[in-house]
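Asks: Heads up: the sequence shown is residues 0 to 140, going by numbering that gives the first Met the number 0.
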Amino acid sequence: MEHPQASEIRRTLKGVIKAGLCTSCGLCVSCDQSGLSRMLDTDFGPIPYLSDKAEFSPDPGTYCPGLAIDYPDLYQKHYGQLPDNWLIGHYQKLYIAHSRDPEIRSRASSGGVLSQVLIHLLESDEVDAVILARQAFPKRI
Ligand code: SF4
C-alpha cells in the first residue's frame, strides 16, 4: 500500500529536477525504499530517475538541497551556534588580500589570490601540479 503522500513527494522532487534545482546529490535515489529509482548519466550530468513506485523515507523535505536547506539547523549542528552575520556566515578570522602581480590582479576575480597561491606552490615545488575544475557546458549536437 502506497504512502498517502508518496505521489506528492515524487511530484515535488520531479519539480526540483525540471526546474534545474537538482544538485545531483543522489540522496532521493538512495532513500527510495522501493529500490527502483536510479541516477542516470546524461549530457547534463547525473540526474535522478524516480520510479513511479518510489517511496521516500525519510521525507526529502529534510535533505533535498533543491527543496530547501534549513540553515539555522545546519549552523547549530555544525558550529553549535548561529553566525553573527548571515551574509558572511561562520568564520574564525577574516583577512583581505590580493595578488601583488598587476597582471594577475587585473585579470583575476577575488584579487587573484587563488592564482597567486597556486603559482607560489608550483614555483616553490610545494606541489607537482594543480588541477583546476571549471563549469562545463554540454554542446548541443
Ligand atoms: S535529493 Fe539530491 S538528487 Fe534528489 S532531487 Fe534533490 S538535489 Fe536532486
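Even for Gly, the Cβ is constructed at its ideal location relative to N, Cα and C.
Which residues in the same chain have their Cβ closer than 7 Å to the Cβ of L20, if we skip the five residues on either side of it in sequence?
Replies: Only G65 meet the Cβ criterion.
Asks: Give the DSSP-derived three-state secondary structure of T41 in the structure shown.
Replies: Reduced to three states, the DSSP call for T41 is strand.
Asks: Is T145 near ligand 1, judged by its Cβ being under 8 Å from some heavy atom?
Replies: In the structure as shown, the chain begins at 0 and stops at 140. Residue 145 is therefore absent and cannot be evaluated.
Asks: Expressed to the nearest angstrom, what Euclidean distance is found between the alpha-carbon atoms of T41 and P47?
Replies: Between T41 and P47, the C-alpha separation is close to 10 Å.
Asks: Determine the closest residue to V15 out of P59, V126, S33, with distance taken between C-alpha atoms.
Replies: Out of P59, V126, S33, P59 has the C-alpha closest to the C-alpha of V15.
Asks: Kindly list the residues whose CB is nearer than 8 Å to the CB of S98, restricted to its own chain and excluding five residues on each side of it in sequence; keep chain order.
Replies: So the list reads R104, A107, G110, G111, V112, S114, Q115, once near-sequence residues are dropped.
Asks: Take T11 as the anchor and find which of M38, G44, Q134, T61 has the nearest alpha-carbon.
Replies: Closest option to T11, Cα to Cα, is T61.
Asks: Measuring from the CB of L26, is there a heavy atom of ligand 1 at a distance below 8 Å?
Replies: Yes.
Asks: Measuring only from the beta carbon, is G65 closer than 8 Å to any heavy atom that is part of ligand 1?
Replies: G65: yes, Cβ under 8 Å from ligand 1.
Asks: Based on Cα-Cα distance, which residue from A53, S36, K52, D51 lies nearest to P45?
Replies: Selected option, being the one with the closest Cα: S36.
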